[in-house]
Amino acid sequence: MDHNMASKVIEVKGLKKWFPLRRSFFSALFGRWEHRYLKAVDGVNFSVNPGEVLGLAGESGCGKTTTGMTITKLYQPTSGKILFHQQDVAAIEGRKGLKEFRKNAQIVFQNPYESLNPRFTVLQSIEEPIKIHYAVSREERHKMVILALERAGLVPPGYFLDRYPHELSGGQLQRVAIARAISIEPAFLVADEPVSMLDVSIRAGILNLLRYFSRELHMGILYISHDLSTMKHICNSIAIMYLGRIVEMGVSQQVLNEPRHPYAKALVSAVPLMRGRFQRKRIILEGAVPNPIDLPAGCRFRPRCPKAEKVCRDEEPELMLLGDGRQVACHLYH
Ligand SMILES: Nc1ncnc2c1ncn2[C@@H]1O[C@H](COP(=O)(O)OP(=O)(O)OP(=O)(O)O)[C@@H](O)[C@H]1O
Ligand code: SF4
Ligand SMILES: [Mg+2]
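Just so we're aligned, residue 461 is where the sequence shown starts under the numbering used here, counting upward by one.
See below:
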């Protein structure tokens, strides 16, 4: 694939990922054969430029991880388009095509204890993807491992090469997992809650790595987190997700300082440090989060929305561009 620095690294259009539900014994017995789905991702649009960090935020279960896994081709999308440097990812076929895509789109997960093989040394873990993607000599490979360790802040690299995961701290392990992902210099990286299992004291160091990868290596990054306060420092733009859909998206300062969507307002107001000039009081949402199987008619936030009107019951609001450049899916602004 050609890498065109000017084009969006990833573009997602109308992406859906529905998981089919197993029929219960009784529904099968009584002949109810209709298929039911859990709509984890239900019509999502966004794009990431080279060198940009887009934050994807929202409550647990809103579909963040499913989005990350679908756009890195770990899940097959139900419908919609994923374009990588303007090329349709769905058209990638065969082992060779998939291998090339994997080289360019990597994902780092929340739990470094699960993402690394406990029987592999750090060297073995990091050189594995290099072996798959580069036909280079052993010396060249070694140099790439050292560079990846340095870029991930594991210095001196020689100290880490022969260590096993059980000899390292959680923060060091996550840096190894990150070094492994960036060792092959992907154009796009998904970081799914990369610091939420780590001590608060070491989180900033890991997040700074992401900023460094975006600025210095021009990677496009999708940073997934339920924690808006970590997004302030590293994201250029932020998308707020609710029940499988993006409800607000824009430049970080806009979304965090002056959110417009009622759900985005509530989410921002729940972070004490973010209650700035515009949002002093915490907004407590009533009602439970509906589940992604039986979604309410109209706006999916309606059952909890303090501003709901009649139209909200009748029509699902689409994400629309406001005058200030941000996008909001809410009838109040249409
Ligand atoms: N493989 C799967 N099969 C069936 N349902 C799934 C699967 N993966 C996720 N789900 C469901 O899809 C919805 C979205 O899950 P997802 O893990 O994407 O949310 P999330 O926003 O990442 O949440 P968290 O903040 O807890 O990580 C949830 O209702 C979840 O139970
Ligand atoms: S569309 Fe209506 S229910 Fe939905 S967020 Fe806006 S005001 Fe609330
Ligand atoms: Mg998740």
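Note that the Cβ used here is the ideal one computed from N, Cα and C, for glycine as well.
Legend entry - Member of 703, 601, 698 and 652 whose CA lies at the smallest distance from the CA of residue 710: 698
Legend entry - Distance cut-off 7 Å: residue 730 Cβ against heavy atoms of ligand 1: Relative to ligand 1, residue 730 has its C-beta separated by 7 Å or more from all heavy atoms.
Legend entry - Collapsed DSSP secondary structure at residue 672 in the structure displayed: DSSP places residue 672 in helix when its eight states are reduced to three.
Inset, instruction - Using only alpha-carbon positions, find the residue among 646, 637 and 648 that is nearest to residue 655. - result: 637
Legend entry - Close beta carbons around residue 507, own chain, < 6 Å, minus the five adjacent residues each side: 468 and 471
Inset, instruction - Locate the beta strand (DSSP E) running through residue 552, then write down its first and last residues. - result: Counting along the chain, residue 552 falls outside any beta strand (DSSP E), and DSSP gives it neither H nor E.
Legend entry - For residue 499 and residue 480, the rounded distance between their alpha carbons: So the two alpha carbons sit approximately 9 Å from each other.
Inset, instruction - Return the first residue and the last residue of the beta strand (DSSP E) that residue 717 is part of. - result: Bounds of any beta strand (DSSP E) do not take in residue 717; it lies within the alpha helix (DSSP H) bounded by 712-717.
Inset, instruction - Over the uninterrupted beta strand (DSSP E) stretch that includes residue 480, give me the two end residues. - result: 470-480
Legend entry - 8 Å contact criterion, which residue 608 and residue 586 should meet: CB distance rounded: The C-beta distance from residue 608 to residue 586 rounds to 6 Å, short enough to meet the 8 Å contact threshold.
Inset, instruction - Take residue 612 as the anchor and find which of 509, 503, 530 and 641 has the nearest alpha-carbon. - result: 641
Legend entry - Nearest-angstrom Cα separation, counted from residue 675 out to residue 511: 5 Å
Legend entry - 8 Å Cβ cutoff met for residue 781 and residue 789: no
Legend entry - Exposure label - residue 666; buried when at least 16 CB within 10 Å: buried
Inset, instruction - Report all residues for which the CB-ligand distance to some heavy atom of ligand 2 is below 5 Å; order them along the chain. - result: Residues flagged by the Cβ proximity filter: 722, 759, 761, 762, 765, 767, 768, 772, 777, 790, 791 and 792.
Inset, instruction - Classify residue 632 as buried or exposed, calling it buried when 16 or more other Cβ atoms lie within 10 Å of its own Cβ. - result: buried
Inset, instruction - Would you mind working out which of 721, 622 and 727 sits nearest residue 583, comparing C-alpha positions? - result: Nearest C-alpha to residue 583: 622.
Inset, instruction - Go through the segment 676-762 residue by residue and report every complete run of the beta strand (DSSP E) that reaches 3 residues or more, in order. - result: 680-684, 697-702 and 705-711
Inset, instruction - Confirm, please, whether the CB-CB distance from residue 533 to residue 569 is below 8 Å. - result: no
Legend entry - One or two residues paired with residue 497 in a DSSP bridge: 480
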